[in-house]
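Since the structure comes first, as structure tokens, the remarks are kept for the end.
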Amino acid sequence: MPAPPGPGYTSAHEVAESGAVIFACSTDVAAWPWLELAPQHPVVIQTQNFWSSVGAGAAMGSLDESKWSALTWTDWNLGERDAGDAVRGVYERTQVGDDLAFITRLYDAADRLIVTMRGKGVVFRTRNFEKWREGSKKEAVSRTLLADFDFAPRELLGLGERELPLVSQLEGERARALVSKENGLMPGHPYFSGSGDHVNAPHLAEIARQIASQVAGGAPILVTHGEMDMHRYVELGCPIDIEVTGREDCSVALAISQLDRSCARLSMSFSERNDHR
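Read in my numbering, the sequence shown has 328 at position 217, and its numbers run on one by one without any break.
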């Protein structure tokens, strides 16, 4: 994701003897508009997931800007439900199964735990990203215009005043999504940023949240846990197929595909939300 000019979202990095990276988090809404959303919102959490790992990697000296990396798996669990905006965090290396991973914990000004998030990724051998992505992007050229896509009614999606629909209304266990540069990147969407090359983790998290909101009948929800297993790039501007593979009163599991190819598996658990931020 491109950063705005000025200090990064994370700063004042300190690498402890244990290898953990301690850092401060920005609360500058003008620089980071997604901070208008509640700190428990999946878009906020996944955007923080990206910037905190980039900042920690740079502090540890492990960020290689000559290569491209991608998040392939992540999960998160909320801490205290009434925690406020993040002011500090701790990033550590860990193990998930047999794989190296990272774990990040964010805290508010009252030192309450907001979220614990983990992630795994892959580093590509070359940063010649555009060349080897060219074929997939050409294949995904959409014949569906944003104006022609039938998005679900806003009242079913739990949207704030400035948020935009990304998904259609569920029909049985199926729906579609469309994320384009017009509705999935600034300035068209006030809270999303990215490389502009593909649908990213905050997009996928918001797709899952909008489906979960429909499963809850449009009632305000608080996402308490999420998991995303991403194994193929999802392209911008091309319809995304969504299948609900499991649902209960307070959870939903989704399979994401595009052009008949499996791309990701997502799951969310949620409860009733009492705030209106």
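The C-beta atom is built at its ideal place from N, Cα and C for all residues, glycine as well.
Predicted model only: the values in this text are computed from it and were never measured.
Roughly how many whole angstroms lie between the Cα atoms of S304 and Y120? Cα-Cα distance, rounded: 13 Å.
Consult DSSP for S373 and reduce its assignment to one of helix, strand or coil. Reduced to three states, the DSSP call for S373 is strand.
Under 6 Å Cβ to Cβ from G82, same chain only, skipping five residues before and after it: list those, please. Only positions 112 to 388 of the chain appear in this structure, which leaves residue 82 out of reach.
Look at the alpha carbon of M339 and the alpha carbon of A375, and state the distance between them as a whole number of angstroms. One C-alpha to the other measures close to 7 Å.
Would you kindly work out how many angstroms separate the C-alpha atoms of E383 and I332, rounded to a whole number? Annotation: E383 to I332 spans about 5 Å, alpha carbon to alpha carbon.
Pair every Cβ in the segment 123–143 with every Cβ in the segment 316–324, then say whether three or more of these pairs are closer than 8 Å. No: the two stretches stay apart, fewer than three of their Cβ pairs being nearer than 8 Å.
Cβ separation of L365 and V355, assumed to be a contact under 8 Å, to the nearest whole Å: Contact flag correct, Cβ pair sits at about 6 Å.
Helix, strand or coil for E74? Go by DSSP, reduced to three states. Outside the modelled stretch of the chain, which goes from 112 to 388, sits residue 74, for which no answer is possible.
Are D219 and P150 closer than 9 Å when you measure CB to CB? Result yes, Cβ atoms of D219 and P150 sit closer than 9 Å.
When DSSP labels each residue in this structure, what does M112 get in the three-state scheme? Annotation note: pLDDT 49 at M112 (below 50); position unreliable, no value reported.
Could you tell me the boundaries of the beta strand (DSSP E) in which T356 lies? I351 to E359 is the extent of the beta strand (DSSP E) around T356.
Which first and last residues belong to the beta strand (DSSP E) in which S324 is found? Taken as a continuous stretch (DSSP letters only), S324 belongs to no beta strand (DSSP E), being part of the alpha helix (DSSP H) at A312 to V326.
Quick check: the Cα distance between L275 and I156, rounded to an integer number of angstroms? Cα-Cα distance, rounded: 18 Å.
Under a Cβ-count criterion, where at least 16 other Cβ atoms within 10 Å of its own Cβ denotes burial, should L211 be classed as buried or exposed? Burial call: exposed.
State the Cα-Cα distance for the pair G283 and I353, rounded to the nearest angstrom. Distance from the CA of G283 to the CA of I353, rounded to the nearest whole angstrom, comes to 11 Å.
Contacting residues, own chain, Cβ-Cβ under 7 Å from S309 (five flanking each side not counted): Correcting the residue type first, residue 309 is His in the shown sequence and not Ser. Taken in chain order, the residues that qualify are Y344, V345, E346 and L347.
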